[in-house]
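Colleague: The structure is given below, and queries will be raised subsequently.
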Amino acid sequence: MDELEDWGGGSMESCLFIHGFTGGEYEISPLAQFLERSGYVSRMFTLHGHGGSRRELLHSSRGDWQLSAEEELNQLFSSSEKVHLIGFSTGALIASRLSVQNSSRIQSLTLLSTPVYPLNPPEILRTLVRPEMLRNYLSKWGSTPMRATREFQRLVRESFEVYPQLEVPTLIVQGRRDHLVRFKSADYLRQTIPSERTQVLIMEQSGHMVCHSGESPAMMDEVLRFIRRSGESG
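Take 200 as the starting number for the sequence shown in my numbering and just add one per residue.
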(Lines of atoms letter the chains of each structure in order from A; the text may use other names.)
(Lines give C-alpha, C1' and ligand atoms only; values in the text may rest on other atoms or scores of the structure.)
Protein backbone atom coordinates (compact mmCIF):
# COMPACT_ATOMS: atom_id res chain seq x y z
CA MET A 200 0.00 0.00 0.00
CA ASP A 201 1.34 3.41 -0.98
CA GLU A 202 1.85 5.73 1.97
CA LEU A 203 0.90 9.33 2.53
CA GLU A 204 2.92 11.59 4.76
CA ASP A 205 1.81 11.90 8.37
CA TRP A 206 -0.08 15.17 8.62
CA GLY A 207 -1.27 15.04 12.22
CA GLY A 208 -3.67 17.49 13.80
CA GLY A 209 -7.44 17.23 13.77
CA SER A 210 -10.55 19.01 15.03
CA MET A 211 -14.26 18.55 15.42
CA GLU A 212 -15.43 18.43 11.83
CA SER A 213 -18.07 16.46 9.90
CA CYS A 214 -17.77 13.67 7.35
CA LEU A 215 -20.60 12.68 5.01
CA PHE A 216 -20.43 9.10 3.73
CA ILE A 217 -22.20 8.02 0.53
CA HIS A 218 -22.57 4.30 -0.21
CA GLY A 219 -22.73 2.54 -3.56
CA PHE A 220 -25.35 1.40 -6.08
CA THR A 221 -27.63 -1.30 -4.62
CA GLY A 222 -25.49 -1.17 -1.47
CA GLY A 223 -25.89 0.38 1.94
CA GLU A 224 -24.23 1.91 4.94
CA TYR A 225 -22.43 -1.37 5.74
CA GLU A 226 -20.09 -0.71 2.80
CA ILE A 227 -18.49 2.29 4.49
CA SER A 228 -19.43 1.84 8.16
CA PRO A 229 -15.96 0.65 9.31
CA LEU A 230 -14.37 3.88 8.07
CA ALA A 231 -17.23 6.01 9.42
CA GLN A 232 -16.88 4.45 12.86
CA PHE A 233 -13.10 4.86 12.78
CA LEU A 234 -13.33 8.57 11.97
CA GLU A 235 -16.01 8.99 14.63
CA ARG A 236 -13.61 7.53 17.19
CA SER A 237 -10.94 9.92 15.87
CA GLY A 238 -13.02 12.99 16.74
CA TYR A 239 -15.09 13.58 13.61
CA VAL A 240 -18.86 13.67 13.27
CA SER A 241 -19.68 10.84 10.84
CA ARG A 242 -22.99 10.91 9.00
CA MET A 243 -24.25 7.92 7.03
CA PHE A 244 -27.59 7.57 5.27
CA THR A 245 -29.35 5.39 2.71
CA LEU A 246 -29.67 6.67 -0.84
CA HIS A 247 -33.20 7.12 -2.19
CA GLY A 248 -34.65 3.83 -3.44
CA HIS A 249 -32.04 1.72 -1.67
CA GLY A 250 -32.34 -0.49 1.37
CA GLY A 251 -35.90 -1.52 0.57
CA SER A 252 -37.75 -3.49 -2.09
CA ARG A 253 -36.89 -4.04 -5.74
CA ARG A 254 -39.91 -1.88 -6.59
CA GLU A 255 -38.49 1.06 -4.63
CA LEU A 256 -35.22 0.87 -6.58
CA LEU A 257 -37.15 0.52 -9.84
CA HIS A 258 -38.91 3.83 -9.23
CA SER A 259 -35.79 5.70 -8.14
CA SER A 260 -33.58 7.68 -10.53
CA ARG A 261 -30.00 8.92 -10.40
CA GLY A 262 -31.47 12.36 -9.79
CA ASP A 263 -33.24 11.00 -6.71
CA TRP A 264 -29.98 9.46 -5.44
CA GLN A 265 -28.14 12.74 -5.88
CA LEU A 266 -30.94 14.76 -4.29
CA SER A 267 -31.01 12.56 -1.19
CA ALA A 268 -27.25 13.05 -0.77
CA GLU A 269 -27.59 16.79 -1.32
CA GLU A 270 -30.24 17.02 1.39
CA GLU A 271 -27.97 15.22 3.86
CA LEU A 272 -25.09 17.54 2.96
CA ASN A 273 -27.20 20.64 3.49
CA GLN A 274 -28.14 19.40 6.94
CA LEU A 275 -24.46 19.07 7.79
CA PHE A 276 -23.74 22.56 6.47
CA SER A 277 -26.24 23.92 8.98
CA SER A 278 -24.23 22.56 11.90
CA SER A 279 -20.62 22.24 10.65
CA GLU A 280 -18.23 24.76 9.19
CA LYS A 281 -15.98 22.05 7.78
CA VAL A 282 -17.41 19.07 5.90
CA HIS A 283 -15.48 16.24 4.27
CA LEU A 284 -17.12 14.06 1.60
CA ILE A 285 -16.35 10.35 1.37
CA GLY A 286 -17.96 8.34 -1.43
CA PHE A 287 -17.73 4.64 -2.12
CA SER A 288 -18.22 3.26 -5.66
CA THR A 289 -21.30 4.99 -7.11
CA GLY A 290 -21.27 7.14 -3.98
CA ALA A 291 -17.92 8.49 -5.19
CA LEU A 292 -19.60 9.73 -8.38
CA ILE A 293 -22.27 11.51 -6.35
CA ALA A 294 -19.69 12.93 -3.91
CA SER A 295 -17.67 14.28 -6.84
CA ARG A 296 -20.65 16.20 -8.18
CA LEU A 297 -21.49 17.59 -4.74
CA SER A 298 -17.86 18.72 -4.36
CA VAL A 299 -18.07 20.72 -7.57
CA GLN A 300 -21.43 22.23 -6.65
CA ASN A 301 -20.20 23.20 -3.17
CA SER A 302 -16.46 23.67 -3.74
CA SER A 303 -16.16 26.62 -1.37
CA ARG A 304 -17.65 24.65 1.54
CA ILE A 305 -16.12 21.19 1.09
CA GLN A 306 -12.82 20.61 2.89
CA SER A 307 -11.85 17.37 1.16
CA LEU A 308 -13.08 14.58 -1.08
CA THR A 309 -12.20 10.91 -0.61
CA LEU A 310 -13.05 8.63 -3.54
CA LEU A 311 -13.18 4.90 -2.74
CA SER A 312 -13.33 2.39 -5.62
CA THR A 313 -14.64 4.94 -8.11
CA PRO A 314 -16.28 3.28 -11.16
CA VAL A 315 -14.84 5.56 -13.83
CA TYR A 316 -14.50 2.44 -15.96
CA PRO A 317 -16.77 -0.26 -14.51
CA LEU A 318 -16.47 -3.82 -15.73
CA ASN A 319 -19.35 -5.25 -17.74
CA PRO A 320 -21.18 -8.39 -16.51
CA PRO A 321 -19.20 -10.98 -18.58
CA GLU A 322 -15.91 -9.49 -17.38
CA ILE A 323 -17.12 -9.51 -13.80
CA LEU A 324 -18.08 -13.18 -13.99
CA ARG A 325 -14.56 -14.05 -15.15
CA THR A 326 -13.06 -12.29 -12.14
CA LEU A 327 -15.24 -13.97 -9.50
CA VAL A 328 -13.04 -16.93 -8.72
CA ARG A 329 -14.62 -17.95 -5.42
CA PRO A 330 -18.03 -19.68 -5.50
CA GLU A 331 -19.46 -17.47 -2.75
CA MET A 332 -18.46 -14.33 -4.67
CA LEU A 333 -20.18 -15.66 -7.78
CA ARG A 334 -23.36 -16.54 -5.89
CA ASN A 335 -23.54 -13.14 -4.22
CA TYR A 336 -23.01 -11.32 -7.49
CA LEU A 337 -25.61 -13.34 -9.40
CA SER A 338 -28.14 -12.83 -6.61
CA LYS A 339 -27.54 -9.09 -6.55
CA TRP A 340 -27.55 -8.75 -10.32
CA GLY A 341 -30.75 -10.74 -10.65
CA SER A 342 -32.58 -8.56 -8.13
CA THR A 343 -31.51 -5.25 -9.67
CA PRO A 344 -34.03 -3.68 -12.11
CA MET A 345 -32.60 -2.94 -15.56
CA ARG A 346 -33.91 0.61 -15.33
CA ALA A 347 -31.83 1.18 -12.22
CA THR A 348 -28.77 -0.28 -13.94
CA ARG A 349 -29.28 2.14 -16.85
CA GLU A 350 -29.50 5.01 -14.37
CA PHE A 351 -26.17 3.91 -12.91
CA GLN A 352 -24.62 3.77 -16.37
CA ARG A 353 -25.87 7.28 -17.16
CA LEU A 354 -24.38 8.54 -13.92
CA VAL A 355 -21.04 6.99 -14.86
CA ARG A 356 -21.10 8.75 -18.25
CA GLU A 357 -22.17 12.11 -16.84
CA SER A 358 -19.37 12.03 -14.28
CA PHE A 359 -16.74 12.46 -17.01
CA GLU A 360 -17.85 16.11 -17.14
CA VAL A 361 -17.42 16.44 -13.37
CA TYR A 362 -13.87 15.18 -12.75
CA PRO A 363 -12.09 18.05 -14.60
CA GLN A 364 -13.95 20.53 -12.37
CA LEU A 365 -12.80 19.10 -9.01
CA GLU A 366 -10.84 21.72 -7.10
CA VAL A 367 -10.97 20.42 -3.51
CA PRO A 368 -8.20 18.25 -1.99
CA THR A 369 -8.90 14.73 -3.25
CA LEU A 370 -7.77 11.29 -2.11
CA ILE A 371 -8.22 8.46 -4.62
CA VAL A 372 -8.32 4.96 -3.11
CA GLN A 373 -8.28 1.94 -5.44
CA GLY A 374 -7.92 -1.77 -4.80
CA ARG A 375 -5.56 -3.53 -7.20
CA ARG A 376 -7.86 -6.60 -7.25
CA ASP A 377 -11.16 -4.76 -7.70
CA HIS A 378 -13.50 -7.09 -9.62
CA LEU A 379 -16.07 -4.36 -10.40
CA VAL A 380 -13.89 -1.42 -11.46
CA ARG A 381 -11.05 -1.34 -13.97
CA PHE A 382 -7.76 -0.44 -12.30
CA LYS A 383 -7.12 2.28 -14.88
CA SER A 384 -9.90 4.28 -13.20
CA ALA A 385 -7.44 5.50 -10.56
CA ASP A 386 -4.93 6.60 -13.20
CA TYR A 387 -7.64 8.48 -15.07
CA LEU A 388 -8.67 10.35 -11.93
CA ARG A 389 -5.06 11.17 -11.08
CA GLN A 390 -4.49 12.67 -14.52
CA THR A 391 -7.86 14.42 -14.86
CA ILE A 392 -8.61 16.02 -11.49
CA PRO A 393 -7.02 19.49 -11.62
CA SER A 394 -6.61 19.94 -7.85
CA GLU A 395 -2.93 20.23 -6.94
CA ARG A 396 -3.72 18.51 -3.64
CA THR A 397 -4.60 15.11 -5.10
CA GLN A 398 -3.27 11.89 -3.57
CA VAL A 399 -3.56 8.30 -4.80
CA LEU A 400 -3.60 5.32 -2.46
CA ILE A 401 -3.32 1.86 -4.05
CA MET A 402 -4.38 -1.11 -1.93
CA GLU A 403 -2.37 -3.90 -3.48
CA GLN A 404 -4.22 -6.88 -1.97
CA SER A 405 -7.75 -5.45 -1.90
CA GLY A 406 -10.81 -5.80 -4.08
CA HIS A 407 -13.82 -3.51 -4.42
CA MET A 408 -14.82 -3.45 -0.74
CA VAL A 409 -11.84 -1.44 0.46
CA CYS A 410 -13.35 -0.82 3.90
CA HIS A 411 -13.61 -4.56 4.53
CA SER A 412 -10.21 -5.90 3.51
CA GLY A 413 -7.12 -6.94 5.41
CA GLU A 414 -5.53 -3.64 4.38
CA SER A 415 -8.45 -1.58 5.68
CA PRO A 416 -6.83 -0.52 9.01
CA ALA A 417 -3.82 0.96 7.21
CA MET A 418 -6.09 2.58 4.61
CA MET A 419 -8.22 4.19 7.32
CA ASP A 420 -5.11 5.64 8.96
CA GLU A 421 -4.15 7.22 5.63
CA VAL A 422 -7.65 8.64 5.12
CA LEU A 423 -7.51 10.16 8.61
CA ARG A 424 -4.16 11.82 7.89
CA PHE A 425 -5.46 13.19 4.59
CA ILE A 426 -8.61 14.61 6.17
CA ARG A 427 -6.67 16.14 9.03
CA ARG A 428 -4.35 18.06 6.75
CA SER A 429 -7.21 19.15 4.51
CA GLY A 430 -9.09 20.46 7.52
CA GLU A 431 -6.09 22.40 8.76
CA SER A 432 -5.47 24.07 5.41
CA GLY A 433 -9.12 24.89 4.76
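Note that CB positions come from ideal geometry on N, CA and C, so glycine has one too.
#1: Span of the alpha helix (DSSP H) holding V355?
#2: DSSP three-state call for R242: helix, strand or coil?
#3: With L230 as the anchor, note down where its alpha helix (DSSP H) starts and where it stops.
#4: Counting pairs of Cβ atoms below 8 Å between the segment 404–420 and the segment 367–381, do you hit three or more?
#5: For R396, which of M402, S412, L379, I426 has the nearest alpha-carbon?
#6: Whole angstroms is fine: what's the gap from E270's alpha carbon to P416's?
#7: By Cβ distance below 6 Å, which residues in the same chain neighbour T343 in space, the five residues on each side in sequence not counted?
#8: Do the segment 277–296 and the segment 216–230 touch if we need at least three Cβ pairs shorter than 8 Å?
#9: Taking E421 as the reference, give the member of Q300, S432, M402 with the closest Cα.
#10: Sort out for me which residues DSSP pairs L308 with in a bridge.
#11: Helix or strand or just coil, what does DSSP make of F220?
#12: Taking only the alpha-carbon atoms, compute the straight-line gap between Q390 and E212 and give it to the nearest angstrom.
#13: The beta strand (DSSP E) spanning L318 covers which residue range?
#14: Where S237 and L365 are concerned, what is the direct C-alpha to C-alpha distance, given to the nearest angstrom?
#15: Once you ignore the five residues that flank E414 on each side, which residues in its own chain have a CB closer than 7 Å to its CB?
#16: So, do the segment 297–311 and the segment 239–256 have three or more beta carbon pairs nearer to each other than 8 Å?
Modeller: Taking the definition as stated:
#1: 345–357
#2: strand
#3: 228–236
#4: yes
#5: I426
#6: 30 Å
#7: T221
#8: yes
#9: M402
#10: L284, T369
#11: coil
#12: 29 Å
#13: Run containing L318: none; DSSP gives neither H nor E here.
#14: 27 Å
#15: M200, M402, Q404, S405
#16: no
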